[in-house]
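Structure first, then comments.
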Amino acid sequence: MGRVSELFKIFRNRKLFVLLIVLIVFAAIMGFSLGQRDNLTWPEQFVGDTVSFVQQWFYKPAGYLAGLFEDIRTMRDIYRENEELRTTVARYARDRVMYNRIELENERLKEALAFKERQKRMFDYEYVIAHVVAVSNDPLNPTFKINVGSTDGIRPDMAVVSTDGLVGLVSRVFPLYSTVMPITQLNSESSSGARPISATTMEHRESFGVIEDYDTQRGVLVMNRIAEDDPLSTGDVVITSGLGGVYPYGLIVGTVESRQVGDFGLTHTAYIKPAAHFDKLSEVFVVVPPDLEEAEPGDREAEADPGETGP
Amino acid sequence: MNTRWVASLLLLLFMLETTIVPWLIPSSMYGRIAPHFVFVAALYAGLYANRHAALVIGFIFGLLQDITFYGHMLGVHTLLMASIAYLAGLLLEGKRIPMLAALPVIALCCFLYDAAAYGIYRIFRVTHEPFEFVLLHSIAPSLFLQTGFALAAYVPARRLFEPKEKKSADEEE
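Residue numbers (the working numbering), protein chains in the order written: chain A, 25 to 335; chain B, 788 to 960.
Spelled out as structure tokens, the structure:
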């Protein structure tokens, strides 16, 4: 009895009691808000959108100014860059002719093989352009905000790319804005953050591995579960394979830096240097897969395997 | 302390630290320097105004940051900003601390804030880096930025938050 009354005496101290309640409430909020949530409550939506609406007035002009100074600093390189771009354009014009021919032939072959409408539209990804409006100031939660939201058809877990390569995944969707979680937050132990990427390489289409971690200390992505006899080698360009059900097919992730025997000795592990830059972003593209409402994402991605596309 | 004036200034500070400051941080320090200017302002409110103002500022702007950049989970910054600013106010409120004492206190609070945030993320398995690495990689560089900002903002912050001697009837929280 004495012990219990002592306990009550502690709780008579109102401040301590309040502190305890606050800690419990916050622990609960953190636990509930961790992990997948498709819909946010209206206070969250309202606050998130209002703040981002104001933030966009600051971020873009700052980007322009920074770009201007960058231009002045790198003026000497512009001549060389111009030369390079000219050769690239020439190559592009040549490839364009080839591409048109191949595309037509591809269409014809698909018709000949009696592809279903759904199979034809499988890789018709829509690239929705989005401007970055703000960047998080928490190094352990380095999300950034883009100016498209659920009213633009954006859903959680859509891939986000820049012109260089895969940047991240849409994390939370507000009505007019959404947050993007960069792939530097890949973490095989966590239920939140970016999803593991099932990957292959441009050079060896039969390669397979799963990128499920990011090594902050070395600045590389870790690709696990590579078979021992896999042809993947240093310098290969790693792309998404579309088999995992989250990332669409063919997005550039990075280049293989090194390969070694994995932790358990059964499979190999490769370290991949990301292709995209994650800071000072101003424009990104959200990859919207076709006929989202008709097919389950799992079914669609299972069929995305190029080996199964025959009739 | 004019509440409306303080609120608009803090809002501007919050906008700056999430939009313009990231453009000024060099690419080599990406993911390493984190500006927490509003938190420093909340600490100044705790030191020179009163602990309740610090609590309110920390809570509101922590909540704003949590919701705006909702990635892993909600509530980390709300809890830490409000509680640490309140604690600083509770211990040192009205002591009329000079600058040389205020700066170490702010640096300590910023360290506590970053370390506690790391702890929470570690508990929820959002991060798995060892603490020694995070300390050198992001906490220490951020600490320099925060202390630098605290030094620059000392005079205006003190003028803003410290209650006026003559007309103490001025609006206070």
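Don't be surprised by glycine CBs; every beta carbon is placed ideally from N, CA and C.
- request: Please report how far the alpha carbon of A:GLY334 lies from the alpha carbon of A:MET146, in whole angstroms.
  value: Bear in mind that a pLDDT of 39 at A:GLY334, under 50, signals an unreliable position, so the number given afterwards is only what the model happens to contain. The alpha-carbon separation between A:GLY334 and A:MET146 amounts to approximately 13 Å.
Amino acids of chain A, ordered along the chain, whose beta-carbon sits closer than 7 Å to that of B:ILE807: Within 7 Å Cβ-Cβ: PHE82 and ALA86.
message: Using the Cβ count rule (16 or more neighbours within 10 Å means buried), how would you classify B:LEU851?
response: Looking at its Cβ environment, which holds 16 or more other Cβ atoms inside 10 Å, B:LEU851 is buried.
- request: Measure how close the beta-carbons of A:PHE168 and A:VAL152 come, nearest whole angstrom, since I'm counting them as under 8 Å.
  value: Under the criterion of beta carbons closer than 8 Å, A:PHE168 and A:VAL152 do not qualify as touching, at roughly 16 Å.
message: Give me the subset of the segment 809 to 821 of chain B whose CB atoms are less than 7 Å from a CB atom of chain A, sorted by chain position.
response: Correct list: PRO809, TRP810, SER814, TYR817, GLY818, ARG819 and ALA821.
field: Rounded C-alpha distance that separates B:TRP939 from B:VAL827
entry: As written in the sequence, residue 939 of chain B is Ala, which differs from the Trp given in the question. When rounded, the distance between both Cα atoms is 11 Å.
query: Exposed or buried, B:PHE920, counting other C-beta atoms within 10 Å across all chains shown (16 or more means buried)?
result: Counting Cβ neighbours within 10 Å, B:PHE920 comes out exposed, since fewer than 16 surround it.
message: Taking 6 Å as the limit between beta carbons, can you name the residues of its chain near B:ARG946, skipping five residues before and five after?
response: Excluding positions up to five away in sequence, the list is empty.
message: Counting only C-beta atoms, is A:GLU68 closer than 8 Å to chain B at any point?
response: Residue contact with chain B for A:GLU68: present (Cβ-Cβ distance below 8 Å to some residue of chain B).
task: Please list, in chain order, all residues of the same chain as B:MET886 whose beta carbon is under 6 Å from its beta carbon, the five residues on each side excluded.
output: So the list reads TYR941, once near-sequence residues are dropped.
- prompt: Alpha carbon to alpha carbon, how far is A:GLN60 from A:ILE235?
  reply: Roughly 20 Å separates the two Cα atoms.
- prompt: For the alpha helix (DSSP H) that A:LYS134 lies in, which residues bound it at each end?
  reply: Following the DSSP letters along the chain, one finds A:LYS134 inside the alpha helix (DSSP H) bounded by residues 99 to 136.
task: Using a Cβ-Cβ cut-off of 8 Å, state whether A:GLN60 counts as contacting chain B.
output: So no, A:GLN60 is outside the interface.
- prompt: Of the residues B:ILE884, B:ALA869, B:TYR857 and B:ALA875, which one's Cα is nearest the Cα of B:GLY833?
  reply: Shortest Cα-Cα distance from B:GLY833 to any of B:ILE884, B:ALA869, B:TYR857 and B:ALA875 involves B:ALA875.
task: Compile a chain-ordered list of the residues in the segment 274 to 299 of chain A whose CB is closer than 9 Å to at least one CB of chain B.
output: Of all residues in the segment 274 to 299 of chain A, none is placed with a Cβ closer than 9 Å to any Cβ belonging to chain B.
- prompt: Can you check whether the CB of A:ARG249 is closer than 8 Å to the CB of A:THR279?
  reply: A:ARG249 sits away from A:THR279, with the two beta carbons spaced by 8 Å or more.
- prompt: Less than 8 Å separating the beta-carbons of A:VAL159 and A:PHE309?
  reply: No.
- request: Specify, as a first and last residue, the run of the alpha helix (DSSP H) that A:ASN230 falls within.
  value: Note that residue 230 of chain A is Glu in the sequence shown here, rather than Asn. It is not in any alpha helix (DSSP H) - A:GLU230 carries neither H nor E in the DSSP assignment.
CA nearest to the CA of A:ALA300, picked from A:VAL191, A:TRP81, A:LEU58 and A:GLU105: When only C-alpha atoms are compared, the closest one is A:VAL191.
- prompt: Within the 8 Å Cβ cut-off, does B:LEU938 reach chain A?
  reply: By the rule that beta-carbons nearer than 8 Å mark a contact, B:LEU938 does not touch chain A.
field: Candidates A:GLU129, A:LEU164 and A:GLU230: closest to B:TYR908 by CA position
entry: Out of A:GLU129, A:LEU164 and A:GLU230, A:LEU164 has the C-alpha closest to the C-alpha of B:TYR908.
message: Using CA atoms only, rank isn't needed, just tell me which of A:TYR201, A:ASP303, A:GLU307 and A:SER212 is closest to A:GLU68.
response: Nearest in C-alpha terms to A:GLU68, of all of A:TYR201, A:ASP303, A:GLU307 and A:SER212, is A:TYR201.
- prompt: Is the Cβ of B:TYR900 closer than 8 Å to any Cβ of chain A?
  reply: No, B:TYR900 does not count as interfacial toward chain A.
- request: Return no unless some Cβ of chain B is closer than 8 Å to the Cβ of A:ASP101.
  value: Using a Cβ-Cβ cut-off of 8 Å, A:ASP101 does not count as an interface residue toward chain B, since no Cβ of chain B sits closer than that to its own.
Residues of its chain near B:PRO943, where Cβ-Cβ distance is below 8 Å and the 5 sequence neighbours each way are ignored: Sequence-distant partners of B:PRO943 (beyond 5 residues in either direction) whose C-beta falls short of 8 Å from its own C-beta are missing from its chain.
- prompt: Which residue or residues does DSSP assign as beta-bridge partners of A:LYS297?
  reply: Under DSSP, A:LYS297 takes part in a beta bridge, and its partners are A:THR279.
- request: Show which residues of chain A have a CB atom less than 7 Å away from the CB atom of B:HIS839.
  value: Listed along chain A is no residue with a C-beta nearer than 7 Å to that of B:HIS839; the closest approach is about 13 Å.
message: Judging by CA-CA distance, which residue of B:LYS951, B:THR790 and B:SER929 is the nearest neighbour of B:VAL808?
response: Check the Cα spacing between B:VAL808 and each of B:LYS951, B:THR790 and B:SER929: the tightest is with B:SER929.
query: Taking just the CA atoms, how far does B:PHE948 sit from B:THR914?
result: B:THR914 and B:PHE948 have their C-alpha atoms some 37 Å from each other.
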